[in-house]
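A short write-up of the structure that comes next.
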Amino acid sequence: MTNRKRPKVYITRKLPDAVETRMRELFEAELNVDDTPRTREELIEAVRTADVLVPTVTDRIDASLIAEAGPQMKLIASFSNGTDHIDIDAAAKQGITVTNTPNVLTEDTADMTMALILAVPRRLVQGARVLMDKPGEWEGWSPTWMLGRRISGKRIGIIGMGRIGTAVARRAKAFGLSIHYHNRKRVNPATEDELEATYWDSLDQMLARVDIVSVNCPSTPATFHLLSARRLALLQPTSYVVNTARGDIIDEDALVQALRAGKIAGAGLDVFENEPAVNPKLVKLANEGKVVLLPHTGSATIEGRIDMGDKVIINIRTYFDGHRPPNRVLPSRG
């Protein structure tokens with residue numbers, strides 16, 4: 005790339021300093037120093053003038069925006085694992101390649117999933133708030149106060165047994181949970197044997213038999229409100245739901261109703277259906293100790309973000325060196 009014009013790269017959000025520094029060294033990079041989300045008008049101007057757009061999950065790169073792209077726009081190098089915020093088919097029709105940053109968030113997201121699996125039944129946030137909100141009022145240990153639920157010996161049902169789901173299963177097994185999973189297809193026999201995992205081709209049947217549900221599948225039209233009111237009603241009153249995938253996989257209104265009616269015991273959510281807005285009914289339930297809410301921090305580690313930035317850089321450099329980027333996202337078939 006040193007012998008040719010450096011590509012103009014437009015970055016929609018602030019990235020780690022190490023990533024931005026490398027971007028400036030390699031490309032004609034326009035940074036977002038104050039991390040103010042780009043407006044629609046700014047994104048339109050970017051695709052009209054830049055060679056590469058580097059969006060994040062907070063940017064909606066839909067067909068109408070892609071239609072505004074100038075002929076020089078060749079690559080959308082998303083700083084994300086998921087690509088549901090990008091119209092991949094529209095980009096392909098316009099001759100624009102799309103890439104993502106897979107495989108770097110698996111362990112971080114699985115860690116956070118496991119944290120929620122522990123936090124909700126063991127009432128960790130409630131306990132911490134007693135000491136933070138009412139200092140001096142704690143009267144000491146009591147045999148019947150702040151009782152939660154043991155997770156060892158319980159059954160976990162993992163929805164989506166990809167890289168993250170499998171990593172969650174490994175952690176859950178180490179905590180003494182029995183592994184059950186629903187996936188489009190069975191995982192390989194060696195993994196199933198390692199995890200002593202039970203496969204369910206029927207999601208409904210699995211939900212009725214597990215104590216904890218972990219949502220780890222991607223957001224697609226097929227998974228929108230996958231956990232609907234009907235499916236949530238299949239759960240036991242002592243069951244918990246944890247979601248670190250995407251908010252729209254769960255019908256939030258139905259979840260609120262199930263929690264309010266005591267049809268399920270609790271929930272741990274790192275993602276929300278209408279992010280960044282959080283359903284005020286969920287906030288109320290969190291204040292009552294029935295839900296643990298986190299601000300989409302499942303992958304928020306320094307190491308993970310730098311790894312993501314490195315993948316973005318590799319995808320851009322590979323493309324402009326005349327090769328196929330390693331993390332190209334293909335359009336849907338048909």
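Taking the working numbering, the leading residue of the sequence shown gets 5, the next gets one more, and so forth. Even glycine gets a Cβ: it sits at the ideal position worked out from N, Cα and C. Computed from a predicted model, the values in this text were never measured in an experiment.
Point to revise | Alpha-carbon to alpha-carbon, A258 and V124 | key: Taking the first residue of the sequence shown as position 1, residue 124 is located at position 120. Taking the first residue of the sequence shown as position 1, residue 258 is located at position 254. Computed Cα separation, rounded: 19 Å.
Check your understanding: Hey, out of A194, L199, H327, V246, whose CA is closest to H340's CA?
Key -> This structure leaves residue 340 out entirely; the chain is present only between 5 and 338.
Review point. Rounded to a whole number of angstroms, what is the C-alpha to C-alpha distance between P59 and T110?
Key: For the purposes of this step, residue 59 is taken as residue 55 along the sequence shown, with counting starting at 1. For the purposes of this step, residue 110 is taken as residue 106 along the sequence shown, with counting starting at 1. Computed Cα separation, rounded: 20 Å.
Practice item. Report the rounded CA-to-CA distance for R64 versus E32, giving the unit in angstroms. Key: Start at 1 with the first residue of the sequence shown, and residue 64 comes out as number 60. Start at 1 with the first residue of the sequence shown, and residue 32 comes out as number 28. Roughly 23 Å separates the two Cα atoms.
Exercise for review: To the nearest angstrom, report how far apart I320 and G313 are at their CA atoms.
Suggested key: Numbered from 1 along the sequence shown, position 316 holds the residue referred to as residue 320. Numbered from 1 along the sequence shown, position 309 holds the residue referred to as residue 313. Cα-Cα distance, rounded: 11 Å.
Review point. Run through DSSP, which three-state label would N7 get?
Key: Residue numbering aside, residue 7 sits at position 3 when the sequence shown is read from its first letter. Residue placement at N7 cannot be trusted, given a pLDDT of 47 that sits under 50; what the coordinates show is reported in the next sentence. The three-state reading of DSSP puts N7 in coil, since its state is none of H, G, I, E or B.
Check your understanding: Tell me, which residues are paired with I80 by DSSP?
Key -> Here residue 80 corresponds to residue number 76 of the sequence shown, with the count starting at 1. Beta-bridge pairing links I80 to L57, V102.
Exercise for review: Spell out the partners DSSP gives I162 in its beta bridges.
Suggested key: Walking along the sequence shown from the start, residue 162 turns up at place 158. BP columns for I162 point to Y185, S218.
Practice item. Leaving out five residues on either side along the sequence, give the residues of the same chain with a beta carbon under 7 Å from the beta carbon of I318. Key: Your numbering for residue 318 matches position 314 in the sequence shown. Closer than 7 Å at Cβ, skipping near neighbours: P330.
Check your understanding: Mind checking whether L211 and L238 have CB atoms under 8 Å apart?
Key -> Taking the sequence shown and counting its residues from 1, one reaches residue 211 at position 207. Taking the sequence shown and counting its residues from 1, one reaches residue 238 at position 234. In this structure, L238 lies closer than 8 Å to L211 by Cβ.
Practice item. Indicate whether N220 and A249 have their beta-carbon atoms separated by less than 8 Å. Key: Position 216 of the sequence shown holds residue 220. Position 245 of the sequence shown holds residue 249. Contact flag set, yes.
Point to revise | Beta-carbon proximity check, S223 vs D91, cutoff 8 Å | key: Position 219 of the sequence shown, counted from the start, is the residue given in the question as residue 223. Position 87 of the sequence shown, counted from the start, is the residue given in the question as residue 91. Their beta carbons are not under 8 Å apart, which means S223 does not touch D91 by this criterion.
**Study point:** Endpoints, alpha helix (DSSP H) assigned at N247
**Key:** Stepping through the sequence shown from its first residue, residue 247 is reached at position 243. Not the alpha helix (DSSP H): N247 falls in the beta strand (DSSP E), residues 244-247.
Check your understanding: Cβ-heavy atom distance between I253 and the ligand ATP below 7 Å?
Key -> With respect to small molecules bound, the structure shown includes none, and the ligand ATP cannot be examined in it.
**Study point:** Given I160 as reference, the closest of P299, R28, Y244, T301 once Cα atoms are compared
**Key:** Working through the sequence shown from its first residue, we reach residue 160 at position 156. Nearest C-alpha to I160: Y244.
Practice item. Please determine if the region 200-207 and the region 143-155 are in contact, where contact requires at least 3 C-beta pairs separated by less than 8 Å. Key: no
Practice item. Pull up the CB-CB distance for V108 and D311, whole angstroms please, since I reckon it's below 8 Å. Key: Along the sequence shown, one-based indexing puts residue 108 at 104. Along the sequence shown, one-based indexing puts residue 311 at 307. Taking a contact as a CB-CB distance under 8 Å, the pair V108 and D311 counts as one, their CB atoms being some 4 Å apart.
**Study point:** Classification of T16 by the beta-carbon crowding that lies within 10 angstroms, buried from 16 upward
**Key:** The sequence position of residue 16 within the sequence shown is 12, counting from 1. Around the beta carbon of T16, a 10 Å sphere encloses 16 or more other beta carbons of the protein chains shown; the residue is thus reported as buried.
Review point. Looking at the unbroken alpha helix (DSSP H) that takes in V260, where does it start and where does it end?
Key: Locating residue 260 in the sequence shown gives position 256, where the first residue counts as 1. Where V260 is concerned, the enclosing alpha helix (DSSP H) stretches over 256-264.
Point to revise | 7 Å Cβ shell around W142 - same chain, five flanking residues per side excluded | key: Here residue 142 is taken as the residue at index 138 of the sequence shown, counted from 1. So the list reads V134, L135, once near-sequence residues are dropped.
Check your understanding: Roughly how many angstroms lie between the CA atoms of N187 and A81, to the nearest whole one?
Key -> For this step, residue 187 is matched to residue 183 along the sequence shown. For this step, residue 81 is matched to residue 77 along the sequence shown. Rounded to whole angstroms, N187 to A81 spans 28 Å at the Cα level.
Point to revise | Three-state class that DSSP yields for R332 in the structure shown | key: To locate residue 332, count along the sequence shown from 1; it is residue 328. Of the three classes helix, strand and coil, the one that applies to R332 here is strand, per DSSP.
Practice item. Go ahead and pull the three-state DSSP assignment for K12. Key: By 1-based counting over the sequence shown, the position of residue 12 is 8. It is a strand residue.
Review point. Where does T43 land, buried or exposed, given buried means 16+ other C-beta within 10 angstroms?
Key: Working through the sequence shown from its first residue, we reach residue 43 at position 39. The residue in question, T43, is exposed, as its Cβ has fewer than 16 Cβ neighbours within 10 Å.
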